[in-house]
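My numbering numbers the first residue of the sequence shown as 9 and each following residue consecutively.
One structure below.
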Amino acid sequence: MNTNRIYGHQELALLYFPNVLPSSASTQLTRFIRRDPELLSALEAIGYRKGIRLYTPLQVRTIIDHMGDPENWNL
């Protein structure tokens, strides 16, 4: 996964939840972020806010650090 580029919310969500509809994947990623206080706090410290649609490379790396690489990720 290329962590040196901007990812759209739905694009990143589909990497983590590839077997669901795009809208469901987006909802799941949002829920996962909001239910993990440590991840949410880390993201907010680098510019994340409710309703964000694009993730910077730093935000993407922060998500991967907390959730793991999407290619190896399981719920």
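No residue lacks a Cβ here, since even glycine has one placed at the ideal position from N, Cα and C.
Beta-bridge pairing by DSSP links G16 to L62. Residue nearest to I60 within the set P30, Y15 and N10 is Y15 (criterion: CA-CA distance). In terms of Cα proximity to M75, the closest of T64, S31, L29 and L23 is L23. Between A21 and S31, the CB-CB gap reaches or exceeds 7 Å. Per DSSP, L51 is one residue of the alpha helix (DSSP H) stretching across P45 to A53. Between P78 and T11, the CB-CB gap reaches or exceeds 7 Å.
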